[in-house]
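One structure is given below, encoded as structure tokens.
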Ligand code: ADP
Ligand code: MG
Ligand code: MG
């Protein structure tokens with residue numbers, strides 16, 4: 009994608025939003041199993057607002073664009089995931105320069121994950137979105153290509169199935185949280201996959 013142009017950035021934002029919106033039913037089903045069943049609707053509402061703002065956001069340099077995505081998600085997604093995804097994108101914006109390369113993206117993504125951990129008082133292994141964000145970041149940091157980062161994000165979401173949830177709403181279920189994929193891990197894997205596809209296209 010031609011990320012140096014507003015059109016290219018708008019297309020990237022629209023592509024990611026479309027993937028999340030298309031997955032709403034699947035995310036709802038996952039959240040019905042171990043949560044309150046609103047993750048699909050939450051994410052669809054948030055990313056529809058992001059898609060609507062895409063032409064305006066795309067005119068901005070990366071730090072402001074990402075801050076705009078983050079604040080939109082905080083305002084529109086709600087639930088536990090809204091502030092966490094909001095933090096992820098706002099912190100990415102805070103740590104990314106105006107012309108980021110792969111090294112800058114890796115560094116900023118790592119810092120954004122640290123902010124999500126702090127905000128949610130969570131660590132990997134607790135069956136949350138961190139269980140996808142952290143392995144995807146590790147793959148990126150290890151030099152993996154886009155297809156490999158994407159595959160690792162999906163595999164990491166699959167690996168949340170046998171986990172016991174100890175953060176978020178699913179933790180209220182205790183042992184009954186075992187055997188289901190974490191909804192936020194699935195949405196994180198979809199966002200990362202859509203970004204990987206768009207950035208490598
Ligand atoms: P809610 O649980 O408030 O209804 P959502 O259904 O939109 O919010 O999002 C649930 C997802 O948020 C979970 O599947 C999990 O991945 C993520 N999540 C919840 N709590 C935390 C936390 N403390 N840290 C990281 N991620 C979390
Ligand atoms: Mg929910
Ligand atoms: Mg909820």
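Residue numbers (full-length UniProt numbering): 9 to 209.
Virtual Cβ for every residue (Gly too), placed ideally from N, Cα, C.
Please read all numbers here as calculations on a predicted model, not as lab measurements.
- Residue 20 and residue 203 have their C-alpha atoms spaced approximately 7 Å apart.
- Apart from sequence neighbours up to five positions away, the residues of its chain that approach residue 22 with a beta-carbon distance below 6 Å are 59, 62, ordered along the chain.
- Judged by DSSP secondary structure, residue 84 falls within the alpha helix (DSSP H) whose first and last residues are 70-85.
- Ligand 2 has a heavy atom closer than 7 Å to the beta-carbon of residue 46.
- In the structure shown, residue 41 falls within a helical segment according to DSSP collapsed to helix, strand and coil.
- Collapsing the DSSP output to three states places residue 132 in coil.
- In the structure shown, the three-state DSSP call for residue 200 is helix.
- Cβ neighbours of residue 113 within its own chain (closer than 6 Å, five residues either side excluded): none.
- Annotation: residue 69 to residue 43 spans about 37 Å, alpha carbon to alpha carbon.
- DSSP places residue 101 inside the alpha helix (DSSP H), whose first and last residues are 89-103.
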